[in-house]
Amino acid sequence: MKRSTSGDSSPRAGGRSAADRRTRYGAMTAVLITAASAACLFTAALGERWGAAWDVTATREHTLSPRTLGALARLDEPIRIVISADIGRLDRAIWQRVSDVLSAFQEASPHVSVTLIDVAAPGAADRLEDVLRQMASDRADEINRHLEGLKRAADELTRLSDELGLLAQQAGLIEQALPTPSGSDTRRDRWRDLAAGLRVAGTECDGAAAKVSQAAAETFGSVAIPESDKAVQSAGPALARAEQGLAAAIDLAHKTADDPAGGAACEAAKSFARNSEGLRSRCGAIADELQRLRPLEPLLIARLLREREAVLVLSPNRVSAIEFSALLPATATVEASGATTSRVLFAAEELIATAISAVSLKQPPIVVLVHAERGPLLEPQAGPPRFGSSSLERLVQRLRLRRIDVTEWAVAMDPASPALSELNPRGERPVVWFVLGPPTMAGDPNPRSGTGLGERAARLGALVDAVTRLIDRGERVLLTLAPSELPAVGEPDPLAACLAPFGLRCDTGRPIITLVSTPGGPRTQPFAVIHDSEPAGPISPALGGLTTLLPWPMAIDAVPGAAPQWHPVLRIAASDRSWGESSWLALASGRASIDVPSADPKRDNVTGPWTVVATCERQRSRVEEGGVAAGSSGPVAQRLVVVASPQWYSDEYASAMTQLEGRRVALYPGNTELLDAAVYWLAGLDELIAPSPQAKEMPRIAMLSPDQLVALRWSLIAGLPLLVLATGVACRVLRR
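Using the working numbering, read the sequence shown as starting at 2 and increasing by one per residue.
Right, here's the structure in full:
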């Protein structure tokens, strides 16, 4: 038999050569790679046009909650989420997670859109102007009403200025018509001074008219938004002084007209009095019209977006703000709270959903500031609102940004509670009565004198009477308490006694202090810094993990034998370095820097922990409520929030900032969150109480069940070897 000499390259009988096989395998590989690449490109193109995502996590962390989806499904108007920030300074991981949540909201509802204003990028001013232009368009009728009101006020102020000048000339003529003075007769001097005062008042009104016109012409970029509040602040003092001068003019004119020795000036004085009375009425009318022009929401938003980083949720008629540091916390803040950046995914959804619910509210609450100060707090001519030494400007602005109307009840000036008919004509809006605390010594020239102390005691009595009536009527009350010197002399604190109907009491005679070590030796600390809330309270989710500072805190507990439905919200932990100090007046006067006190179990409150913020409910019958359903005997829950710390709401704490990662963040965000949560809970808007990013431990992966654990173990033990064997068999089959 002869062997073939063609070698291995010759084809076998009935088979293919090695070269043919290589060619075939190469072609198959090329086709497979081409098909896979085409499939990937086709899938990517489809994904760009029709995106889809499947959440396969055990906790559904990438899916909006049913409550959020339900809120979005009820939307019937466009919602615009505006974020103004320096994006480059934000933590990239946190910003990515918030962006994912924003995308989920947009995909879940066609009514939701997002506008990002990167303040460090070109075009930021144009984006801001676009937002303001849309808001101004939605509120065109309200803006036009303000413009017309300011124009009328400016015209009236100009005419008032001219007529005050004419009145000053008339006063000069009356002065000349008076008989020549003799001896101690000062009538001519008084008329001369009056004429000079009227000329000054006219000049001030003319200047106020110019400022009102300037405020009406104010623009933000190319968007016209009148600054009504500045107009009120400019015109208010001028009108008040003009009204005072006219009151003095009327009094002097009547005295001159009734003076038998007035001579020819008597008739002129009568005419002068009539003219002055008319001008005085016009001053009041102008002031009333200006005070009805509440600050426009676009104006507040424009100022906020120009001054600081902000997150806003806008609808055609309403606006709500989200605390920037809550939605986009600094990395150091998250790490300090023991959380991870992935928590922001859940917190962002909760905060945004809460804000959307707020702007969707048809009946937002009303907050009435109840106080016993010597004068009003919210009068424009009085300047920024203050309670004692504490500014309330940020507090009022924060509430108004959440569509919560703020008014006041100055019980020392008017013991009758305000009717609120203008803000709540149908009585459908919930009203929260915010008691700011016992009266302060602000404006009292002799606060420690017998007269000053007596006058302050009278104002305290008026406040206690007002709070008692509110509680008896079943109103919703946010009550602030302060340390009192009365328990030290054996007298009860009358304001703290208002808690009795709820079965609570407060130890206002022994505020809690803490002994701290300093380089200069031990010092007393008359405030508490609390970093977490109690888990059971209805407003606790909004405060968990947020730092809250409470000055001069006091212990709240239940009255022995009572069974109140109460929940502690914030507590001071028990410690041998903290106690309720009975001699707190010495600390307040500064003598503690010399003699550092120590706890005395016989006189001081040394048994902790101490509850310092609490919520409480009590059941009342509808007959007690006196409502329209008084014939029904069904129970009605009356709610109360008590904060045993004076002026905890002050701007001093709300505006305290610190630097973290190049951004300014709130030092005590719990103070402002406490106010928001308390107002919403008292108003019955429990669904708007949103937890903060640090408040809630968010589970990411569910615990494995025993069956799942067994299956996982067997898959690792037997599954991998079987997979290797199956792969080998498949390769062998393909090669044959």
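We treat Cβ as the ideally placed atom computed from N, Cα and C, and that holds for glycine.
Mind checking who residue i pairs with in its DSSP beta bridge?
| i | result |
| --- | --- |
| residue 221 | 224 |
| residue 312 | 84 and 323 |
| residue 559 | 505 |
| residue 117 | 84 |
| residue 614 | 571 and 644 |
| residue 522 | 519 |
| residue 392 | 387 |
| residue 637 | 621 |
| residue 372 | 411 |
| residue 551 | 529 |
| residue 432 | 367 |
Could you tell me the distance, in whole angstroms, from the CA atom of residue i to the CA atom of residue j?
| i | j | result |
| --- | --- | --- |
| residue 193 | residue 250 | 11 Å |
| residue 489 | residue 646 | 18 Å |
| residue 84 | residue 289 | 37 Å |
| residue 751 | residue 515 | Given that the chain is displayed from residue 2 to residue 737, the structure contains no residue 751 and the question cannot be resolved. |
| residue 475 | residue 412 | 18 Å |
| residue 213 | residue 243 | 16 Å |
| residue 170 | residue 206 | 17 Å |
| residue 1 | residue 80 | The structure shown has nothing for residue 1, since the chain only spans 2 to 737. |
| residue 568 | residue 482 | 17 Å |
| residue 523 | residue 548 | 24 Å |
| residue 390 | residue 667 | 21 Å |
| residue 19 | residue 47 | 42 Å |
| residue 544 | residue 153 | 47 Å |
| residue 733 | residue 720 | 20 Å |
| residue 196 | residue 473 | 54 Å |
| residue 281 | residue 100 | 58 Å |
| residue 201 | residue 165 | 9 Å |
| residue 670 | residue 655 | 7 Å |
| residue 642 | residue 329 | 29 Å |
| residue 227 | residue 300 | 7 Å |
| residue 365 | residue 436 | 20 Å |
| residue 651 | residue 378 | 14 Å |
| residue 534 | residue 571 | 5 Å |
| residue 311 | residue 323 | 7 Å |
| residue 528 | residue 553 | 5 Å |
What do you reckon, are the CB atoms on residue i and residue j nearer than 9 Å?
| i | j | result |
| --- | --- | --- |
| residue 82 | residue 119 | no |
| residue 608 | residue 575 | yes |
| residue 355 | residue 718 | no |
| residue 557 | residue 505 | yes |
| residue 132 | residue 302 | yes |
| residue 151 | residue 232 | yes |
| residue 519 | residue 484 | no |
| residue 406 | residue 368 | yes |
| residue 294 | residue 147 | yes |
On the DSSP letters alone, give me the boundaries of the beta strand (DSSP E) that residue i sits inside.
| i | result |
| --- | --- |
| residue 569 | 566 to 573 |
| residue 91 | Per DSSP, residue 91 belongs to no beta strand (DSSP E) and is neither H nor E. |
| residue 684 | Neither: residue 684 is in no beta strand (DSSP E) and is coded neither H nor E. |
| residue 407 | 406 to 411 |
| residue 76 | Note, residue 76: premise wrong, no beta strand (DSSP E); not H, not E. |
| residue 481 | 477 to 481 |
Helix, strand or coil for residue i? Go by DSSP, reduced to three states.
| i | result |
| --- | --- |
| residue 580 | strand |
| residue 163 | helix |
| residue 490 | helix |
| residue 532 | coil |
| residue 425 | coil |
| residue 330 | coil |
| residue 437 | coil |
| residue 136 | helix |
| residue 606 | strand |
| residue 690 | coil |
| residue 21 | helix |
| residue 353 | helix |
| residue 514 | strand |
| residue 142 | helix |
Within 9 Å (strictly less), CB to CB, does residue i reach chain D?
| i | result |
| --- | --- |
| residue 507 | Protein chains in the displayed structure number just one, and chain D is not present. |
Could you please give the first and the last residue of the uninterrupted alpha helix (DSSP H) stretch that includes residue i?
| i | result |
| --- | --- |
| residue 277 | 266 to 292 |
| residue 253 | 229 to 258 |
| residue 654 | 652 to 655 |
| residue 732 | 721 to 736 |
| residue 589 | 585 to 589 |
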